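For the sequence shown, our numbering assigns the number 51 to the initial residue and increments by one for each residue that follows. See below for the structure under consideration.
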Amino acid sequence: MSSPAAIALDHVTKIYDVPVVSDISLAVQEGTFVTLLGPSGSGKTTILRMIGGFLQPTAGRILFGGTDMTALPPNKRPCNTIFQDLGLFPHMTVGENVAYGLKVRGVDAVTRQKRTSDMLGMVALEGYERRRVHQLSGGQRQRVALARALVLDPAVLLLDEPLTGLDERLRQQLRDEISRLHRRLGATFLAVTHNQDEALSLSDRIAVLRTGRVEQIGTPRELFERPANGFVARFVGFDAILKPERVEPGPTSWRAHMAGRAISCEPPVCRESGRGYVLVLRPERIRIVQANEESDFGPVTVISSAYKGRDVELETRLVDGQSLKFLISAAQQVPVPRLGSSIYIGWQPMKPLLVPEVAMAEP
Numbered sequence: 051m052s053s054p055a056a057i058a059l060d061h062v063t064k065i066y067d068v069p070v071v072s073d074i075s076l077a078v079q080e081g082t083f084v085t086l087l088g089p090s091g092s093g094k095t096t097i098l099r100m101i102g103g104f105l106q107p108t109a110g111r112i113l114f115g116g117t118d119m120t121a122l123p124p125n126k127r128p129c130n131t132i133f134q135d136l137g138l139f140p141h142m143t144v145g146e147n148v149a150y151g152l153k154v155r156g157v158d159a160v161t162r163q164k165r166t167s168d169m170l171g172m173v174a175l176e177g178y179e180r181r182r183v184h185q186l187s188g189g190q191r192q193r194v195a196l197a198r199a200l201v202l203d204p205a206v207l208l209l210d211e212p213l214t215g216l217d218e219r220l221r222q223q224l225r226d227e228i229s230r231l232h233r234r235l236g237a238t239f240l241a242v243t244h245n246q247d248e249a250l251s252l253s254d255r256i257a258v259l260r261t262g263r264v265e266q267i268g269t270p271r272e273l274f275e276r277p278a279n280g281f282v283a284r285f286v287g288f289d290a291i292l293k294p295e296r297v298e299p300g301p302t303s304w305r306a307h308m309a310g311r312a313i314s315c316e317p318p319v320c321r322e323s324g325r326g327y328v329l330v331l332r333p334e335r336i337r338i339v340q341a342n343e344e345s346d347f348g349p350v351t352v353i354s355s356a357y358k359g360r361d362v363e364l365e366t367r368l369v370d371g372q373s374l375k376f377l378i379s380a381a382q383q384v385p386v387p388r389l390g391s392s393i394y395i396g397w398q399p400m401k402p403l404l405v406p407e408v409a410m411a412e413p
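Written as structure tokens, this is what we have:
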């Protein structure tokens with residue numbers, strides 16, 4: 051018999067004037083890293099606060115290890131929460147911040163000092179015990195908040211936008227730190243974020259949320275390779291999304307008719323009657339074909355180009371007026387097409403995906 055999930059949401063709903071979370075059921079297995087991914091207003095932080103005990107659901111249950119803890123306050127739940135504002139005490143030193151929870155629990159001074167020192171070493175802040183919070187950088191404060199939560203050995207750690215507000219180098223550094231700590235500690239981590247790169251790199255599983263509902267749950271690879279619909283596709287980075295004039299179902303491959311071409315596509319994962327489909331492509335998998343190659347699509351007209359460092363982003367226009375962006379190498383030996391020129395493109399051996407069309411929620 052399998053053990054119960056570390057966290058389980060059983061038909062959880064939260065209503066203010068309108069529903070902000072609608073009938074969500076979700077299981078987070080012990081020792082995994084799960085991320086709730088979605089735009090502002092998708093309900094992800096509300097879910098995190100209900101799991102942590104800071105909000106009560108309007109309906110449904112929240113279970114830890116199979117035990118219903120819906121009515122219990124935060125300090126009675128086997129989890130710690132790190133919110134965006136971190137909640138560090140400015141009048142305390144770094145060491146006092148990290149040791150605070152141990153002191154509240156009545157742990158003796160010698161043990162507190164050792165565990166605090168060990169935890170600061172784990173987050174690469176050795177020797178910072180006597181510093182004040184205002185003397186730290188943003189990334190150091192994030193690591194102090196991690197240490198303060200982890201020193202209590204929580205079975206579950208809840209992270210609210212853990213990398214928001216940091217510069218790119220620091221984001222990558224702290225992302226690696228969180229991933230390393232998760233592997234070392236074996237605790238269950240549940241994070242919320244609006245950043246798909248963050249979710250894809252940290253998570254064992256991702257739940258993509260839209261207006262209080264789960265659109266798709268899966269591994270990063272499953273979401274990246276086979277998004278369930280247009281909303282999920284956009285949110286995990288499919289920038290090249292086109293609307294075909296019509297589609298023809300087939301046993302193993304569907305065909306999308308667009309701008310005078312019939313395009314062979316991977317069939318949709320979800321097939322919903324009465325809903326249109328969009329064709330989605332990874333921009334980095336599109337290339338300009340040479341004169342002696344067979345193209346998959348075209349002609350398209352180059353209307354702009356933007357240097358991105360390693361890549362150049364081209365924006366093109368189809369004959370039916372739709373826009374298509376994709377990347378080419380910025381290497382000097384790769385010529386950038388002139389604005390206004392017509393080019394043909396290819397993407398084989400990959401096929402585009404067809405997914406049900408769902409409008410992107412407003413942020």
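All residues carry an ideal CB built from backbone N, CA and C; glycine is no exception. Being a predicted model, the structure only gives us computed values, none of them experimental.
Rounded C-beta distance between residue i and residue j? I'm assuming under 8 Å.
i           : j           : result
residue 206 : residue 169 : With a Cβ gap of about 17 Å, residue 206 and residue 169 do not count as contacting.
residue 394 : residue 345 : 4 Å
residue 377 : residue 334 : 5 Å
residue 328 : residue 280 : 5 Å
residue 241 : residue 85  : 5 Å
residue 286 : residue 274 : 6 Å
residue 352 : residue 391 : 5 Å
residue 89  : residue 184 : 33 Å between Cβ atoms; not a contact.
residue 304 : residue 404 : 5 Å
Give me the residue from the options with the minimum Cα distance to residue i.
i           : options            : result
residue 315 : 174, 289, 402      : 402
residue 77  : 93, 53, 71, 64     : 53
residue 250 : 262, 238, 235, 267 : 267
residue 343 : 398, 290, 264      : 398
residue 375 : 385, 246, 364, 383 : 364
residue 174 : 138, 152, 144      : 144
residue 55  : 115, 121, 373      : 115
residue 229 : 392, 217, 172      : 172
residue 98  : 59, 368, 153, 118  : 59
residue 152 : 199, 177, 138, 189 : 199
residue 70  : 85, 105, 178, 400  : 105
residue 128 : 139, 146, 102      : 102
residue 348 : 92, 269, 396       : 396
residue 381 : 100, 130, 358      : 358
residue 330 : 317, 222, 214, 338 : 317
residue 247 : 288, 276, 231      : 288
residue 231 : 291, 220, 203, 157 : 203
residue 293 : 309, 95, 138, 176  : 309
residue 326 : 298, 360, 366      : 298
residue 80  : 68, 113, 67        : 113
residue 176 : 385, 373, 148      : 148
residue 408 : 278, 155, 121, 119 : 278
residue 209 : 68, 368, 132       : 132
residue 189 : 339, 139, 217      : 217
For the ligand MN, is there a heavy atom less than 7 Å away from the beta-carbon of residue i?
i           : result
residue 383 : In the structure on display, the ligand MN does not appear, and there are no ligands present to speak of.
Could you give the residue range of the alpha helix (DSSP H) that holds residue i?
i           : result
residue 102 : 94-102
residue 283 : 280-285
Locate the beta strand (DSSP E) running through residue i, then write down its first and last residues.
i           : result
residue 151 : Looking at the DSSP string, residue 151 is not in any beta strand (DSSP E); the run it does join, the alpha helix (DSSP H), is 144-154.
residue 246 : Run containing residue 246: none in the beta strand (DSSP E); it sits in the alpha helix (DSSP H), 246-252.
residue 403 : 403-406
residue 110 : 109-114
residue 136 : Run containing residue 136: none; DSSP gives neither H nor E here.
residue 367 : 361-367
residue 265 : 263-268
residue 255 : 255-260
residue 292 : 290-292
residue 396 : 392-396
residue 374 : 373-379
residue 238 : 238-243
residue 296 : 296-298
Ignoring anything shorter than 3 residues or poking outside the stretch 168-233, list the beta strand (DSSP E) runs there in chain order. For the beta strand (DSSP E) assignment, the uninterrupted runs of no fewer than 3 residues enclosed by the stretch 168-233 are, from N- to C-terminal side, 206-210.
In the stretch 57-83, which residue ranges form an unbroken alpha helix (DSSP H) of at least 4 residues, counting only runs that do not cross its ends? Counting only runs of 4 or more, we get nothing.
Given 8 Å as the limit, is there contact between the stretch 239-257 and the stretch 182-200, that is, 3 or more CB pairs closer than that? The stretch 239-257 is not in contact with the stretch 182-200.
For the stretch 306-355, which segments carrying the beta strand (DSSP E) assignment without a break, of at least 3 residues, lie completely within its bounds, in sequence order? Taking 3 residues as the shortest admissible run, the stretch 306-355 contains the following complete beta strand (DSSP E) segments, listed from N- to C-terminal end: 311-315, 327-331.
So, does the stretch 233-244 touch the stretch 151-167, judging by three or more C-beta pairs under 8 Å? Between the stretch 233-244 and the stretch 151-167 there are fewer than three inter-stretch CB-CB distances shorter than 8 Å, so the stretches are not counted as touching.
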